[in-house]
Every structure is written in structure tokens, then in C-alpha cells.
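All remarks here apply to the structure that follows.
Numbering (UniProt numbering), first residue to last: 1 to 238.
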């Protein structure tokens with residue numbers, strides 16, 4: 001397994017989003033590792049349930065019983081499933097814009113749009129336009145990101161069709177906080193975080209940046225500010 005462990009302090013597990021890897025959070029690792037033992041790894045293929053079980057196995061291997069877990073996008077969905085399935089391993093979950101599409105009032109329409117774009121030749125650009133995940137960026141920036149974006153139809157389907165076990169999450173007794181980026185206010189990722197917060201009766205905290213606020217993007221994202229905001233939130237919850 002491609003696992004990275006850095007820092008000294010309480011354990012903080014970071015779960016990357018779809019298409020990500022152990023290096024997805026590189027820009028915030030130093031800030032977080034100043035106060036936490038930060039663990040990242042590249043998730044194996046599979047849906048939210050399989051990845052949640054994998055995360056639990058990682059925590060078990062590390063000897064963790066009440067770890068703080070931060071997950072972004074698909075990683076946020078995995079973190080929530082981790083609470084539902086293995087609450088004994090988790091002390092806190094912070095879910096950044098998890099794609100809980102089934103909780104949206106227009107869920108059927110949104111999910112259908114995701115299925116329609118999955119195999120399209122311009123899937124990357126359509127995905128960015130549908131989600132609005134970059135926030136207010138120039139077309140040239142969007143085109144550059146779209147050119148590097150691989151939309152895996154099977155992976156998209158596994159996550160956007162997924163339904164959280166809300167009862168199990170609530171019964172787990174683990175504090176859950178939803179977070180959303182200020183730069184994507186009103187977009188699909190932001191609305192999804194709002195819907196999850198409402199369904200779980202959990203707080204919603206606004207973070208700086210867009211859907212990838214932890215990664216450098218001039219004029220939109222400041223990873224240092226994102227990292228400091230995450231530390232502040234962790235401090236307030238633990």
C-alpha cells in the first residue's frame with residue numbers, strides 16, 4: 001500500500017477524493033503534521049463501502065481506536081461510511097463536500113446527468129460544468145483542468161448512486177462535521193454538503209477555496225489557509 005505517515009501527535013487520517021492518491025494532500029501536510037501524526041494512502045478501487053472497510057483496516061493496523069478522519073469529495077463519503085460501519089475506530093469525521101446526491105431534492109435529475117456524461121468525449125468539461133467544483137475560474141483554467149481530468153464512469157456511478165446509512169451514522173455516536181468551500185457556494189458540491197449536514201443534524205463549516213481547497217490554485221485556493229482552518233476546526237472538536 002502507498003501509505004505516508006508524517007508528524008507527531010494524535011492520529012489524523014486523510015482520505016482523498018476520486019482519482020486522487022496519497023499525494024493529494026501534499027500542500028497541507030507540513031502544516032497539519034506540526035500538530036498531528038498525519039496518515040495518507042492511495043485507496044484501492046471499489047465503492048464507498050469497500051473503501052470504508054479498507055480505511056478501517058488501515059486504522060486497525062495503526063492501532064487507532066478514536067482517530068480523527070478528514071475526507072474530501074468521494075473521500076468524505078468514505079469517511080461517513082467508515083462511521084456507519086466501524087464507529088469504534090473513529091473519534092471525529094470531517095467530511096468536505098461529500099457527493100451525497102441521493103439527499104438532494106433534485107437527486108434523480110442530478111444523478112441522471114452524471115450518468116449521461118460518463119462516457120461522453122467531453123466528459124471532463126461537462127463534469128466540471130455540472131459540479132461547478134472549481135468555482136469562478138476563467139475558461140482557460142477550466143479547459144486545462146478538464147484536459148487532465150479522467151472521468152471513470154464506473155467510479156462515478158458507484159459514488160453518486162450511493163445511499164448513506166444515516167441511522168447507522170447517527171447511532172455510531174461519532175461527531176460529524178460537514179465542510180464546504182466558500183468559492184463554490186451554491187454549486188453541487190456545496191449543496192451536497194448542506195444536504196448531508198441537514199440529514200445528519202451536523203454543523204456545516206465554511207472553508208476557504210473551492211472543491212480542491214487543499215491544493216494550489218492561484219487566485220482561488222490558498223492551501224496554507226485551508227490547512228490552518230482545518231487545524232482550527234480540529235482544535236474546536238477534539
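The beta carbon of each residue, even a glycine, is placed where N, CA and C say it ideally should be.
Judged by their CB atoms, residue 209 and residue 193 are not nearer to each other than the 9 angstroms cut-off. Within the same chain, Cβ atoms closer than 6 angstroms to the Cβ of residue 31 are found at 227, the five residues on either side in sequence being excluded.
If you compare the alpha carbons of 168, 71 and 108 with that of residue 38, the shortest gap goes to 71. For residue 96, the enclosing beta strand (DSSP E) starts and ends at 90 to 96.
For residue 23, there is no enclosing alpha helix (DSSP H), since its DSSP letter is neither H nor E. For residue 11, the enclosing beta strand (DSSP E) has its first and last residue at 11 to 15. Put simply, the region 64 to 78 does not touch the region 114 to 126. Fewer than three CB pairs are less than 8 angstroms apart. With respect to residue 90, residue 174 sits close: the two C-beta atoms are nearer than 9 angstroms. For the pair residue 92 and residue 237, the CB atoms are nearer than the 9 angstroms cut-off. By a beta-carbon distance limit of 8 angstroms, residue 82 contacts residue 52. Their separation comes to about 4 angstroms. Of the other Cβ atoms in all chains shown, 16 or more fall within 10 Å of the Cβ of residue 43; this residue is therefore buried. When the alpha-carbon of residue 131 is set against those of 63, 195, 191 and 54, the nearest one is in 191. Shortest Cα-Cα distance from residue 172 to any of 181, 200, 48 and 152 involves 200. Only exposed fits residue 140, as fewer than 16 other CB atoms lie within 10 angstroms of its CB. Shown here, residue 212 sits in coil according to DSSP, grouped into three states, outside any helix or strand.
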